[in-house]
Amino acid sequence: MPLIRPTGLRAGFRADVRDPASGLIHAGEQWVPESFLIEPHTHPVWEVYLQMHGVTRWVAGSETYLLQPGHLFAVPPELEHHLAGSSGNHHFYFAAIDLDPVVKRRGLAAWPPNVVHRENSGDLSDAFAHLVRELTTRYEHADEGLGLAVDHLVLAVTRALTRTARPQLAVHPAVRTVKRLLDHDFHERWTLEELAARVGLAPSYLAGLFTEQFGQPPHRYLTERRVERARQLLTTSDLPITAMAQTLGFSSSQHFARVFRQFTGTTPTAYRNQ
Numbered sequence: 094m095p096l097i098r099p100t101g102l103r104a105g106f107r108a109d110v111r112d113p114a115s116g117l118i119h120a121g122e123q124w125v126p127e128s129f130l131i132e133p134h135t136h137p138v139w140e141v142y143l144q145m146h147g148v149t150r151w152v153a154g155s156e157t158y159l160l161q162p163g164h165l166f167a168v169p170p171e172l173e174h175h176l177a178g179s180s181g182n183h184h185f186y187f188a189a190i191d192l193d194p195v196v197k198r199r200g201l202a203a204w205p206p207n208v209v210h211r212e213n214s215g216d217l218s219d220a221f222a223h224l225v226r227e228l229t230t231r232y233e234h235a236d237e238g239l240g241l242a243v244d245h246l247v248l249a250v251t252r253a254l255t256r257t258a259r260p261q262l263a264v265h266p267a268v269r270t271v272k273r274l275l276d277h278d279f280h281e282r283w284t285l286e287e288l289a290a291r292v293g294l295a296p297s298y299l300a301g302l303f304t305e306q307f308g309q310p311p312h313r314y315l316t317e318r319r320v321e322r323a324r325q326l327l328t329t330s331d332l333p334i335t336a337m338a339q340t341l342g343f344s345s346s347q348h349f350a351r352v353f354r355q356f357t358g359t360t361p362t363a364y365r366n367q
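In structure tokens form, the structure reads like this:
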């Protein structure tokens, strides 16, 4: 399975898989410069995008869609789509999947035959990251791992289409909202005051509630989330360290290296080399 970097990317890859067992045709994660274009094209299967950073404008059929961070964009088979002109630097995941074997394997409902555009879908990043790890790492039982990763992604998108999840833990609604912001928008340089304003609480009260329910204050939780994502990127991407620091919301590469060492005992460069 070749991993290639299309001409013009800042970082990232595309994997041409064409695996009939899992249903995956191709997938990747890419950091794209402003001048990068994606020309009109079609696929015989569904193609799914998750916007991570930046803003892009896509055309699918006769409709235009504005994608912002956390937006899901899925195009049904044989529908022409393309990036509408050059955009600013942006970062996204993508995967082309034949749904038939997944639906049969897992008993999931088929997706509606229309373009899907959903906001607040940043939780899909975990499923995409799972798929990227399987594509970029040589694991034992690779075929089984790839199939499970594809199933995970299709299940996550299916759930995003229905939005029927109901929380089972008694978490304060404000704390749940803040946790979602830190999980999905960890690249933002959040302050406690900004988070508190989002949920209408006093900063000290929010910090106390969050610590009571998650065992640590919001800033510590945010830092751990960034370091966790850094581990993934250092293992699965060729994104330069300086660009990674910026992507993760650190003020500089030196700040990133210092925090990463505090949490892992090593530097980002050493971790990547390992």
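Heads up, the sequence shown is in the numbering used here, so the first residue is 94 and it goes up one at a time.
Built from N, CA and C at the ideal position, the CB exists for glycine as well.
Source: prediction; values computed, not measured.
Go ahead and label Gly178 buried or exposed: buried means 16 or more other beta carbons lie within 10 angstroms of its beta carbon, across all protein chains shown. exposed
Based on Cα-Cα distance, which residue from Gly358, Val168, Ala249 lies nearest to Arg68? Nothing can be reported for residue 68: it is not among the residues displayed for the chain, which extend from 94 to 367.
Taking all protein chains shown into account, decide if Gly301 is buried (16 or more other Cβ within 10 angstroms of its Cβ) or exposed. exposed
Just how far apart, CA to CA, sit Thr157 and His174? 10 Å
Let's test the definition: count the other Cβ atoms within 10 Å of the Cβ of Tyr186 and tell me whether it reaches 16, buried, or not, exposed. Counting C-beta atoms within 10 angstroms of its own C-beta, Tyr186 has 16 or more neighbours from the protein chains shown and is therefore classed as buried.
How many Å lie between Pro170 and Asn207 at the Cα? As the crow flies, the alpha-carbon of Pro170 is around 9 Å from that of Asn207.
First through last residue of the alpha helix (DSSP H) which encompasses Arg319: 311-329
Do the region 227-241 and the region 269-277 touch if we need at least three Cβ pairs shorter than 8 Å? no
Three-state secondary structure (DSSP) of Gln161: coil
With 16 as the cutoff for other CB atoms within 10 Å, does Gly101 come out buried or exposed? exposed
Return the Cβ separation of Val141 and Ala153 in integer angstroms, given the expectation that the two are a contact with Cβ distance under 8 Å. With 8 Å as the limit, Val141 and Ala153 do not qualify as a contact, their Cβ atoms being about 12 Å apart.
With H, G and I counted as helix, E and B as strand and the rest as coil, what does DSSP make of Ile334? helix
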